[in-house]
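Protein chains: 2
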Amino acid sequence: MRRILLSHGGGGEDTWRLIRELFLKHLYNEHLIKLEDATVLEVSSKIAFTTDSFTVNPIFFRGGNIGKLAVAGTVNDLSVMGAKPLYMSVGFIIEEGFPYEDLESIVISMKEEAQKSGVLVVAGDTKVVPKGTADGLFINTSGIGKVVCEGLSCSNIKVGDAVIVSGGIGEHGACILAQREGIQMDVELESDCRSLWSLIEKIITSGAQIHAMRDPTRGGLSAVLYEWASNSNISFLIDEESIPVKEPVLGLCELLGLEPYHLACEGRVVVALPERHAQKVLSIMRSHPDGEGAQIIGRAVPAEGSPKVILRTSYGTHRVLDPPAGELLPRIC
Amino acid sequence: MRRILLSHGGGGEDTWRLIRELFLKHLYNEHLIKLEDATVLEVSSKIAFTTDSFTVNPIFFRGGNIGKLAVAGTVNDLSVMGAKPLYMSVGFIIEEGFPYEDLESIVISMKEEAQKSGVLVVAGDTKVVPKGTADGLFINTSGIGKVVCEGLSCSNIKVGDAVIVSGGIGEHGACILAQREGIQMDVELESDCRSLWSLIEKIITSGAQIHAMRDPTRGGLSAVLYEWASNSNISFLIDEESIPVKEPVLGLCELLGLEPYHLACEGRVVVALPERHAQKVLSIMRSHPDGEGAQIIGRAVPAEGSPKVILRTSYGTHRVLDPPAGELLPRIC
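Chains as they are written, first to last, in full-length UniProt numbering: chain E, 1 to 333; chain D, 1 to 333.
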């Protein structure tokens with residue numbers, strides 16, 4: 001089996017061969033081919049800029065791999081800020097001995113995922129570290145997008161705003177957890193990992209007024225709602241029964257004593273918007289393959305003391321949702 | 001001793017505390033404080049974009065640390081493309097148990113280094129991985145610069161161009177090597193790690209025509225010259241005696257049987273430019289504290305067969321410099 005060697009990261013001939021025969025082969029475009037220290041790009045005057053490192057374990061999971069996840073993650077971070085993803089960089093930190101074929105299939109996934117939103121990989125970097133000093137492969141992606149919808153912000157949510165989630169929550173976190181711990185469910189858990197630009201473009205070009213969007217990754221739905229509540233100084237009243245959670249995710253949560261609200265998604269978006277636009281956006285989302293399971297889950301209410309997230313249970317009682325805290329799940333993304 | 005915990009990367013309360021009490025405390029600016037998924041920025045129409053991951057071992061070395069290196073590396077990659085560094089992102093991958101105080105002093109170094117060129121850290125990400133799955137700390141930095149000098153390119157060098165290097169070569173590589181292997185020299189080796197924007201700004205605003213600039217990192221001077229030769233289809237005739245190499249670097253190379261031309265610099269720039277502008281640029285460089293040791297080291301000549309780098313030795317004989325190959329030195333940057 002071909003393996004990645006230290007020399008692939010040394011800056012010499014092997015590095016150049018890896019760049020040409022693997023990265024350029026799959027990720028080729030007019031910018032990347034220039035292979036300069038920095039890539040010169042034309043952009044509009046207002047851009048969005050984001051970065052994320054990915055350390056997910058396992059590297060290959062049901063529904064994706066670290067490469068697909070890295071591209072989708074960066075595309076989604078730009079999209080939820082109302083920015084069309086244009087360009088991205090990819091930095092690989094590879095453990096010596098990592099299988100070459102695995103790296104290639106990860107790069108192919110990145111190419112395929114990038115094509116879905118049209119984002120181009122225009123800058124890259126490869127480091128190889130000695131065996132035992134990293135666990136397989138880490139990827140950093142940074143992205144630049146063109147802002148097409150301004151004013152989206154976590155501090156922009158108003159009392160009365162409706163909250164929509166685009167589909168079943170916690171599927172990525174549950175999938176990773178089950179696969180890592182070797183837990184078999186009757187129905188296999190699959191990550192929701194996907195790029196959301198196509199769906200989000202439909203939403204922001206619909207004419208509906210949007211106050212905030214976020215993809216609920218680490219810390220899950222709970223983290224997004226608490227961040228919004230704290231930044232906008234409001235609380236949320238959420239109807240627990242309306243939150244879409246698929247059966248196997250519920251099953252795993254019951255098995256392990258977890259709440260699905262804390263599990264990461266990697267292909268869902270939470271939208272906060274004036275109530276009068278909620279039905280329109282809901283139908284736009286439901287008519288898109290990436291938003292079929294969309295639901296209005298609740299609304300923003302006055303903070304009344306400290307901002308918090310209140311769940312109305314199926315019994316009609318109320319409880320305060322725990323904010324994400326503690327260890328949660330390492331290496332989920 | 002306070003240490004970094006898995007929960008610092010979990011997306012919950014501890015993550016937010018780390019962001020506020022460490023990253024924002026030192027790297028605060030109007031963009032970073034917004035803490036959105038992506039940062040909205042105003043830029044000119046032509047930008048340069050670059051990325052680099054840093055895995056240097058040891059993390060603290062004479063003349064710098066991984067944080068200073070990461071900022072300087074990204075600043076330099078933008079600068080050599082003729083771009084004024086404006087914005088950068090920082091992605092940390094931290095091993096569980098890493099000392100909190102070490103992380104803080106690294107972040108303070110980043111702040112100080114960023115101030116030298118005026119670049120702002122506007123986006124960040126923190127992942128913590130379980131003990132044993134990374135070696136201390138890895139940092140990715142991506143940068144955006146405003147292109148103020150167009151047309152610089154590794155494929156732009158013409159026969160007759162002079163080549164200038166801004167100071168002693170190989171000091172970063174030699175310092176890391178000596179420190180890692182516990183080699184004591186009579187005169188201590190210190191990394192040349194520094195941001196070059198201040199020096200490069202002087203060069204590109206001097207009115208002199210510049211064909212290419214590069215900072216010779218992995219693979220050292222040899223890698224830069226071979227990359228230029230191959231991309232511009234020329235060869236280089238380099239006067240070995242004119243290449244600035246400090247005494248302790250030469251000593252270490254003799255001890256270990258290395259050539260200084262293959263050792264990394266992290267604070268030098270190599271410039272290719274029409275010969276008639278060489279003296280002017282040389283004096284500009286020598287009058288700047290970061291270019292005091294600048295030398296004209298040779299010139300571009302016709303390729304004659306495959307592009308190569310020819311050294312004229314002190315005996316007047318010629319030899320072909322080896323291109324960088326093989327393992328070189330892992331985790332130099």
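Note that the Cβ used here is the ideal one computed from N, Cα and C, for glycine as well.
Keep in mind that this is a model prediction, so the values were computed, not measured.
Alpha-carbon to alpha-carbon, residue j and residue i
i, j, result
"Lys116 (chain E)", "Asn76 (chain E)", "12 Å"
"Ser222 (chain E)", "Lys84 (chain D)", "40 Å"
"Val281 (chain D)", "Thr51 (chain E)", "37 Å"
"Arg20 (chain E)", "Asp135 (chain E)", "25 Å"
"Asp322 (chain D)", "Glu254 (chain D)", "17 Å"
"Cys175 (chain E)", "Leu103 (chain D)", "32 Å"
"Pro248 (chain D)", "Asn231 (chain D)", "33 Å"
"Leu137 (chain D)", "Pro58 (chain D)", "10 Å"
"Leu258 (chain D)", "Val121 (chain D)", "37 Å"
"Leu86 (chain E)", "Ile47 (chain D)", "13 Å"
"Gly145 (chain D)", "Gly118 (chain D)", "11 Å"
"residue 342 (chain E)", "Ala114 (chain D)", "Limits of chain E in this structure are 1 at one end and 333 at the other, which puts residue 342 (chain E) out of reach."
"Ala229 (chain D)", "Lys111 (chain E)", "31 Å"
"Glu275 (chain D)", "Ser79 (chain D)", "22 Å"
"Leu256 (chain D)", "Glu188 (chain D)", "16 Å"
"Leu250 (chain D)", "Glu171 (chain D)", "10 Å"
"Tyr28 (chain E)", "Leu35 (chain E)", "11 Å"
"Val271 (chain D)", "Ile4 (chain D)", "42 Å"
"Pro260 (chain E)", "His288 (chain D)", "59 Å"
"Ala212 (chain E)", "Ala212 (chain D)", "44 Å"
"Pro307 (chain D)", "Trp16 (chain E)", "16 Å"
"Gly305 (chain D)", "Phe60 (chain D)", "44 Å"
"Thr317 (chain D)", "Glu30 (chain D)", "59 Å"
"Phe49 (chain E)", "Asp14 (chain D)", "24 Å"
"Arg180 (chain D)", "Glu181 (chain E)", "38 Å"
Nearest-angstrom Cβ-Cβ length linking residue i and residue j, presumed shorter than 8 Å
i, j, result
"Gly64 (chain E)", "Gly219 (chain D)", "In fact, because the Cβ distance is near 34 Å, the residues do not count as touching under 8 Å."
"Leu273 (chain E)", "Ile210 (chain E)", "5 Å"
"Val309 (chain E)", "Leu225 (chain E)", "5 Å"
"Pro330 (chain D)", "Gly97 (chain E)", "Between Gly97 (chain E) and Pro330 (chain D) the Cβ distance is about 13 Å, and since that is not below 8 Å, they are no contact."
"Leu152 (chain D)", "Asp290 (chain D)", "Rounded, the Cβ-Cβ distance is 18 Å, inconsistent with contact."
"Ala123 (chain E)", "Thr217 (chain E)", "Wrong, their Cβ atoms sit about 23 Å apart, outside the cutoff."
"Ile164 (chain D)", "Ala300 (chain D)", "The Cβ separation is near 12 Å, so there is no contact."
"Ile243 (chain D)", "Ile183 (chain D)", "So it is not a contact: roughly 23 Å between Cβ atoms."
"Val245 (chain D)", "Val43 (chain E)", "With a Cβ gap of about 41 Å, Val245 (chain D) and Val43 (chain E) do not count as contacting."
Nearest residue (CA-CA) to residue i, options the options
i, options, result
"Thr55 (chain E)", "D:Glu266, D:Asn231, D:Thr133 and D:Cys149", "D:Thr133"
"Ser155 (chain E)", "E:Ser195, E:Met81 and E:Val249", "E:Met81"
"Arg214 (chain D)", "D:Leu196, D:Thr205 and D:Lys202", "D:Leu196"
"Tyr315 (chain E)", "E:Gly251, E:Ala114, E:Ala278 and E:Glu241", "E:Glu241"
"Met1 (chain E)", "E:Tyr100, E:Arg319 and E:Pro244", "E:Tyr100"
"Asn312 (chain D)", "D:Ile297, D:Gly305 and D:Gln279", "The question names Asn, but residue 312 (chain D) is Arg in the sequence shown. That would be D:Ile297, whose Cα lies nearest to the Cα of Arg312 (chain D)."
"Gly67 (chain D)", "D:Lys46, D:Leu32, D:Phe23 and D:His31", "D:Phe23"
"Ile157 (chain E)", "E:Leu5, E:Ala303, E:Phe61 and E:Ala325", "E:Ala303"
"Arg62 (chain E)", "E:Glu190, E:Leu27, E:Lys25 and E:Ala38", "E:Glu190"
"His26 (chain D)", "D:Ser7, D:Leu41 and D:Ile106", "D:Ile106"
"Gly73 (chain E)", "D:Phe49, D:Glu95 and D:Asp37", "D:Asp37"
"Leu6 (chain E)", "E:Leu41, E:Val40 and E:Glu95", "E:Glu95"
"Leu41 (chain E)", "E:Gly143, E:Gly170, E:Gly182 and E:Glu112", "E:Gly143"
"Gly167 (chain D)", "D:Glu292, D:Tyr28 and D:Ser306", "D:Glu292"
"Lys207 (chain E)", "E:Glu150, E:Leu35, E:Val187 and E:Glu181", "Note on residue identity: the sequence assigns Gly, not Lys, to residue 207 (chain E). Residue E:Glu150 is the option with its Cα nearest to Gly207 (chain E)."
"Gln279 (chain D)", "D:Arg17, D:Ala162, D:Asp14 and D:His31", "D:Ala162"
Close Cβ partners of residue i (< 6 Å) along its chain, the five nearest in sequence each way excluded
i, result
"Ala70 (chain D)", "Phe54, Ile139 and Thr141"
"Arg319 (chain D)", "Leu311"
"Gly267 (chain D)", "Asp192, Cys193 and Arg194"
"Ser109 (chain D)", "Asn65, Gly67 and Lys68"
"Ile332 (chain E)", "Gly173, Ile176 and Ala264"
"Pro324 (chain E)", "Gly219, Ser222, Ala223 and His262"
"Leu18 (chain D)", "His8"
Beta-carbon proximity list for residue i, same chain, < 8 Å, skipping 5 on both sides
i, result
"Asp125 (chain D)", "Ser89, Val90, Gly91 and Phe92"
"Ala178 (chain E)", "Gln184, Met185, Leu189 and Leu252"
"Ile33 (chain E)", "Leu24"
Closer than 7 Å: residue i CB and nearest the ligand NAD heavy atom
i, result
"Glu292 (chain D)", "Among the ligands in the structure shown, none appear at all, so the ligand NAD cannot be discussed."
Close-in-space but distant-in-sequence residues of the same chain around residue i (CB under 7 Å, 5 per side omitted)
i, result
"Val159 (chain D)", "Ile234, Ala300, Val301 and Pro302"
"Glu227 (chain E)", "Cys154"
"His277 (chain E)", "Ala208 and Gln209"
Original post:
Within the chosen definition, does the region 229-246 of chain E reach the region 126-140 of chain E through at least 3 CB pairs nearer than 8 Å?
Top reply: no
Original post:
Just checking, does the region 198-209 of chain D make contact with the region 283-298 of chain D on the three C-beta pairs under 8 Å criterion?
Top reply: Segments in contact, yes.
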